[in-house]
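Numbering (the working numbering), first residue to last: 64 to 356. We put the CB at the ideal spot given by N, CA and C, even for glycine.
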C-alpha cells in the first residue's frame, strides 16, 4: 500500500490531531486497520490471578470505549489473556472508539515512578461515515509492563482491492478527563469471583462465574433515592444467566450489579449488561468475554 497523510495538531492539556489520509492499494488487502491504537494492560482488579508485585494495578488503559452508529455506548474492560484473543464489535458508521484510562486514583497503582494514573486516554472520532465494519480488539499475553499487548482498530467490512483508492479522515484526541463519554452512567470497576454467597459452604458449580460491575455517574445518584425502579439487563451469547442482583452503592453514588453465569466446560460466551429504569437506559453497556475452564 502507498499513501499520503496530512496532520494538523492542536496542542493543549487535551491534545487533538486531525488526520486526512489517502491510501492506494498495490495489491488486494483483505484485513485493513484504520486509526490503530496500541496500549498495555498487565493486571487490574478484574484479574483473578495472584502476582508477586506490590502494585495492584498495572496498565496504560483499562478499557475500550465505543460509541456505535446507533448511539449506544459500549465499555469493554481490557484483559491480559493466557493466549492471544481477538474480539470484533460489528457496527455501521461508528461514531467513535478509543482506549481509555478511567482509573485516576494513585492508591490503586502505588507506582511513584511510572504513575499509571496519569496516562492519557485516546479517542478516535471519524470524519464523515465509515460504513460497515467492526472495531477489532486484539489482546496478547504479557508478562511485564514493557509489552504493548493491546491493539484497537477499525476494520472495514470490504477489502481494499488492488489499485483502489481509500480516502478518509479522523480526529485523534489525547485526554486526561472524559466528561460526557458517555453522558449517562459509566463503569467504574469490574470484579469476578465464584458464583456463590461470600462464606458459603456450598460447592462451586462447574462452569459458573460471578461478575460484579460498579456503575456510577450520569443520573445514578438521583436513582439512589428510588433503587426499586432500577434494574439490570443482562445477557450471554451462550450458556445461561443463573441470577442477577443489584445493590445501591452510595460510596460511589451509583450501583453494584451482579451477574452469575453458567457455561459448559470449555465453552466461551460474551456477557453484556446495563442498567435501566423502565424502558430508559441509564448507563453504557458493559461487555466482556469469558471462557469456562
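Is residue 277 helix, strand or coil when you go by DSSP?
For the purposes of this step, residue 277 is taken as the residue at position 214 of the chain shown. In the structure shown, residue 277 sits in a strand (DSSP, three-state: E or B).
How many Å lie between residue 79 and residue 261 at the Cα?
In the chain shown, counting from the first residue as 1, residue 79 sits at position 16. In the chain shown, counting from the first residue as 1, residue 261 sits at position 198. When rounded, the distance between both Cα atoms is 47 angstroms.
I'd like to check one pair, residue 328 with residue 356: are the Cβ atoms closer than 8 angstroms?
Position 293 of the chain shown, counted from the first residue, corresponds to residue 356. Position 265 of the chain shown, counted from the first residue, corresponds to residue 328. Yes. Within cutoff.
Let me know if residue 113 comes out buried or exposed under the rule of 16 or more other beta-carbons within 10 Å of its beta-carbon.
Here the question's residue 113 lines up with position 50 in the chain shown. Exposed.
Return the chain-ordered ranges of every beta strand (DSSP E) run that is complete within the segment 254-305 and spans a minimum of 3 residues.
Qualifying beta strand (DSSP E) stretches, in chain order: 271-279 and 294-299.
What is the DSSP secondary structure of residue 74, counted as helix, strand or coil?
In the chain shown, the residue the question calls residue 74 occupies position 11. Coil.
Buried or exposed, going by whether 16 or more other CB atoms sit within 10 Å of the CB of residue 103?
Here residue 103 refers to the residue found at position 40 of the chain shown. With 16 or more Cβ atoms within 10 Å of its Cβ, residue 103 is classed as buried.
Are the beta-carbon atoms belonging to residue 338 and residue 248 less than 8 angstroms from one another?
Translated into the one-based positions of the chain shown, residue 338 becomes position 275. Translated into the one-based positions of the chain shown, residue 248 becomes position 185. Contact: yes.
So for residue 169, helix, strand or coil by DSSP?
For the purposes of this step, residue 169 is taken as the residue at position 106 of the chain shown. Note: residue 169 maps to helix in three-state DSSP.
Quick one: what's residue 189 bridged to in DSSP?
The sequence position of residue 189 within the chain shown is 126, counting from 1. Answer is 233, bridged to residue 189.
Of all the options 314, 166 and 235, which has the alpha carbon lying nearest to the alpha carbon of residue 77?
Against the chain shown, residue 77 aligns to sequence position 14. Nearest of 314, 166 and 235 to residue 77, Cα basis: 235.
Whole angstroms are fine: how far does the CA of residue 124 sit from the CA of residue 66?
To locate residue 66, count along the chain shown from 1; it is residue 3. To locate residue 124, count along the chain shown from 1; it is residue 61. Each residue's alpha carbon lies about 30 angstroms from the other.
Decide yes or no for the touch test of the segment 281-301 against the segment 342-349: beta carbon pairs closer than 8 angstroms, at least 3 of them.
The answer is yes - the segment 342-349 touches the segment 281-301, with three or more Cβ pairs under 8 angstroms.
So, using beta-carbon positions, are residue 216 and residue 97 closer together than 8 angstroms?
As a first step, residue 216 is located in the chain shown; it is residue number 153 there, counting from the start. As a first step, residue 97 is located in the chain shown; it is residue number 34 there, counting from the start. Yes; because the gap between Cβ atoms is below 8 angstroms, this pair is in contact.
Quick one: what's got a C-beta closer than 7 angstroms to residue 224's C-beta in the same chain, skipping five residues either side?
In the chain shown, residue 224 corresponds to position 161, counting from 1. Only 88 and 91 meet the Cβ criterion.
Are the CB atoms of residue 276 and residue 250 nearer to each other than 8 angstroms?
Within the chain shown, the letter at position 213 stands for residue 276. Within the chain shown, the letter at position 187 stands for residue 250. In contact: residue 276 and residue 250 (Cβ atoms closer than 8 angstroms).
Please give the ranges of any beta strand (DSSP E) in the segment 109-186, keeping only runs that are unbroken, at least 3 residues long and fully inside the region.
Entirely contained in the segment 109-186, the beta strand (DSSP E) runs reaching 3 residues are, in chain order, 126-130, 136-140, 148-155 and 159-163.
Measuring CA to CA, which of 161, 240 and 353 is closest to residue 138?
Position 75 of the chain shown, counted from the start, is the residue given in the question as residue 138. Residue 138 has its Cα closest to that of 161, out of 161, 240 and 353.
Does DSSP put residue 311 in a helix, a strand or coil?
Here residue 311 is taken as the residue at index 248 of the chain shown, counted from 1. Reduced to three states, the DSSP call for residue 311 is strand.
What do you get for residue 126, buried or exposed, if any count of 16 or more other CB atoms within 10 angstroms of its CB means buried?
Working through the chain shown from its first residue, we reach residue 126 at position 63. Looking at its Cβ environment, which holds 16 or more other Cβ atoms inside 10 Å, residue 126 is buried.
Does the structure place the segment 136-152 close enough to the segment 199-206 that three or more beta carbon pairs sit under 8 angstroms?
They touch, by the three-pair rule.
Quick check on residue 227: does DSSP put it in helix, strand or coil?
As a working mapping, residue 227 is identified with position 164 in the chain shown. If DSSP states are grouped into helix, strand and coil, residue 227 belongs with coil.
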